[in-house]
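In the working numbering, the protein residues as written are 628 to 827. By construction, the Cβ of each residue, glycine as well, lies at the ideal position given by its N, Cα and C atoms. Since we're looking at a predicted model, the values are computed, not measured.
Below you can see the structure in the form of structure tokens.
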């Protein structure tokens, strides 16, 4: 009787050569699946929105994963555009432009209650993507504490939860709560609303 013949009560038997080929094929398939899975994990880690505990790194220094500190944000200076970074894997979450964050620093006593609660020693974090046409919000009027979009001049009150003060923007800039841990600016919660443009 051949090795691969069916025998009653025994099911199908396969010869040694087929067994080796099947085993090798399974091993290659598993290795490929693990490689694809790891690649997908890397992509998703960069794509996900800011996560509680993430640190922040400056976009102007794309190779650095050194977290920003309060002193790195100039008092009443222009916004520092940053990205979240996983503190363990050091993955910079740069897979989506909606992860860009505008950091400004102002006198904490000038902030309204909810805004002060979301700040870290006067450092405020907002989505850097304008809610009008998704331009980068990079302007700053320090005397007024106002963020300005250079594309269509929308103005957002950084001292009052990013509310719209002027221009065509239809809604406030989403804000992001911060804390200092230990000495590093750290994300303390999710955006107050979905960043970017809401299409009807």
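For residue i, the nearest candidate out of the options (CA to CA)
i	options	result
residue 690	806, 718, 675, 677	718
residue 816	681, 673, 645	681
residue 755	766, 776, 728, 733	728
residue 800	725, 807, 700	725
residue 747	792, 776, 810	810
residue 582	802, 766, 796, 712	This structure gives no information on residue 582, because the portion of the chain shown stretches from 628 to 827.
residue 776	807, 823, 739	823
The alpha helix (DSSP H) enclosing residue i, as first and last residue numbers
i	result
residue 735	Segment: none, residue 735 is in no alpha helix (DSSP H) and carries neither H nor E.
Supposed close pair residue i, residue j - CB separation, criterion 8 Å
i	j	result
residue 741	residue 788	6 Å
residue 750	residue 805	6 Å
residue 709	residue 730	5 Å
residue 737	residue 786	6 Å
residue 753	residue 802	5 Å
Outcome for residue i when other beta-carbon atoms lying within 10 angstroms are tallied against a minimum of 16
i	result
residue 671	exposed
residue 715	exposed
residue 759	buried
residue 781	buried
residue 702	exposed
residue 669	At residue 669, the pLDDT of 49 sits below 50, so the modelled position is not reliable; the number obtained from the coordinates is stated separately. Classification of residue 669: exposed, given that the 10 Å Cβ count is below 16.
residue 678	exposed
residue 733	buried
residue 813	buried
residue 796	buried
Host beta strand (DSSP E) of residue i (start-end)
i	result
residue 754	750-754
residue 806	805-807
residue 793	790-793
residue 784	782-784
residue 800	That residue, residue 800, is in no beta strand (DSSP E); it is neither H nor E in DSSP.
residue 775	773-775
Considering only residues of the stretch 688-721, which uninterrupted beta strand (DSSP E) runs meet the minimum length of 3 residues and lie entirely inside it, listed in chain order?
707-712
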